[in-house]
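**Student:**
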Amino acid sequence: MKPLEERSAVGFGWLFLGTAAVIWAIYIPFIIVMCDRDLLKHSCYKLMVFMGFLDLHTSLYVGGVAGIFCIKGYVFCQWPTLWFWIGCLHGMAWKMQCSSVVLLAFNRCLEAFNPKWSNILFSGKRTLSWMILPVLWGLRDIVFGPPVYFSPMYMTLTYDPHVGYFSDTKNMVRKISFLKLL
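Sequential numbering of the sequence shown, starting at 584, is according to the working numbering.
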């Protein structure tokens, strides 16, 4: 294992934590405002509140966890089980967020071009039914997708938990995961 001095990045860690704190400070008042009963009658606000919570969930990993791991210089070998589950939950949150953006875009385009169909598909509690799709997509990633790992040495998310230590070129799962990203 590399020495702690080579693994920790205190400045970047505090930058990640500070960014997460700013995101939370901005998002929470907006979510509170969007939870107004009159606004939640519209499907787009239901979707945006859902996405707001997903953004907060994701910022826990890319801001909070990444910041602490950068400051402390924690690596995969120290707590492999913890890293595995954090990677799974982050991957789930990211997939849910991405698919929710597509769902909101579909909703807004449908509302703009065919309000009748928008009303048929998204009125009332039907919007909540649509929100199940991103949740299922995220849960699928926990079961079938490889977790992402944060590397404090490179300050990035990677599918290789040993990045910076040795090259794991024989792992087919990581190669397939990388190709999925492309």
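Where a beta carbon is used, it is the ideal one built from N, C-alpha and C, also for glycine.
Out of Tyr742, Phe733 and Gln661, state which residue places its alpha-carbon closest to the alpha-carbon of Leu643.
**Tutor:** Leu643 has its Cα closest to that of Phe733, out of Tyr742, Phe733 and Gln661.
**Student:** Could you compute how far the alpha carbon of Ile606 sits from the alpha carbon of Met634?
**Tutor:** The alpha-carbon atoms of Ile606 and Met634 are separated by roughly 13 Å.
**Student:** Distance check for Lys655 and Thr710, CA to CA, integer angstroms please.
**Tutor:** Cα to Cα, Thr710 sits roughly 42 Å from Lys655.
**Student:** Relative to the C-alpha of Phe636, which residue among Ala649, Met714 and Ser706 is closest?
**Tutor:** Comparing Cα positions, the closest option is Met714.
**Student:** Checking 8 Å against the spacing of the C-beta atoms, do Gly650 and Leu600 come in under that value?
**Tutor:** Going by C-beta atoms, Gly650 is nearer than 8 Å to Leu600.
**Student:** Since Leu740 sits in a beta bridge, which residues does DSSP pair it with?
**Tutor:** Per DSSP, Phe733.
**Student:** Out of Ser712, Leu665 and Ser626, state which residue places its alpha-carbon closest to the alpha-carbon of Cys692.
**Tutor:** Among Ser712, Leu665 and Ser626, the Cα nearest to that of Cys692 is on Ser626.
**Student:** Buried or exposed for Ser683, going by 16 or more other Cβ atoms inside 10 Å?
**Tutor:** Answer is buried; the Cβ neighbour count reaches 16.
**Student:** Could you tell me which uninterrupted alpha helix (DSSP H) segments, each at least 4 residues in length, are contained entirely in the region 608 to 678, listed from first to last along the chain?
**Tutor:** As far as the region 608 to 678 is concerned, its whole alpha helix (DSSP H) runs of at least 4 residues are 626 to 642 and 649 to 655.
**Student:** By alpha-carbon positions, which one of Gln661, Ala608 and Val685 ends up nearest to Pro735?
**Tutor:** Nearest option by C-alpha distance: Gln661.
**Student:** In the DSSP assignment, the alpha helix (DSSP H) including Ser591 goes from what residue to what residue?
**Tutor:** No alpha helix (DSSP H) contains Ser591, which DSSP labels as neither H nor E.
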